[in-house]
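A short worksheet on the structure shown next.
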Amino acid sequence: MAGISKDELEPVKDFALSNDIEFPLMADEDGEVCQEYDVMNFFGFVKRSTYILDGRKIMKTYPKVHVDGHVEKIIDFLSGLDEN
1 MAGISKDELE PVKDFALSND IEFPLMADED GEVCQEYDVM NFFGFVKRST YILDGRKIMK
61 TYPKVHVDGH VEKIIDFLSG LDEN
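Just so we're aligned, residue 1 is where the sequence shown starts under full-length UniProt numbering, counting upward by one.
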């Protein structure tokens with residue numbers, strides 16, 4: 001698991017430390033990754049999205065993420081992978 005933010009490095013580091021984030025959280029300051037995954041709108045704002053990857057393959061996409069209930073959706077999806 002990893003997170004990517006379009007914010008600058010220092011605010012990303014501060015956020016990770018203040019919220020006890022235990023997975024890598026990276027800064028995409030130039031927006032290259034955001035553009036690659038098509039999550040940046042016309043005005044340069046990033047749409048909160050989740051991608052579940054297997055290597056370079058996108059297994060599942062959750063566009064327009066709403067925080068409430070999102071973790072449960074991810075857990076349900078990943079739990080279903082164990083059953084296959």
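Backbone N, C-alpha and C fix where the C-beta goes; we use that ideal spot for every residue, glycine too.
Q | 8 Å contact criterion, which residue 25 and residue 12 should meet: CB distance rounded | A | 6 Å
Q: Quick one: grab the DSSP three-state call for residue 46.
A: strand
Q | Identity of the residues DSSP links to residue 53 by a beta bridge | A | 58
Q. Within this structure, are the beta carbons of residue 92 and residue 77 separated by less than 8 Å?
A. As shown, the chain starts at 1 and ends at 84. That puts residue 92 outside it, with no answer to give.
Q: Would you kindly work out how many angstroms separate the C-alpha atoms of residue 14 and residue 79, rounded to a whole number?
A: 32 Å
Q: For residue 31, name the three-state secondary structure that DSSP assigns.
A: coil
Q. Who pairs with residue 40 in a beta bridge, going by DSSP?
A. 46
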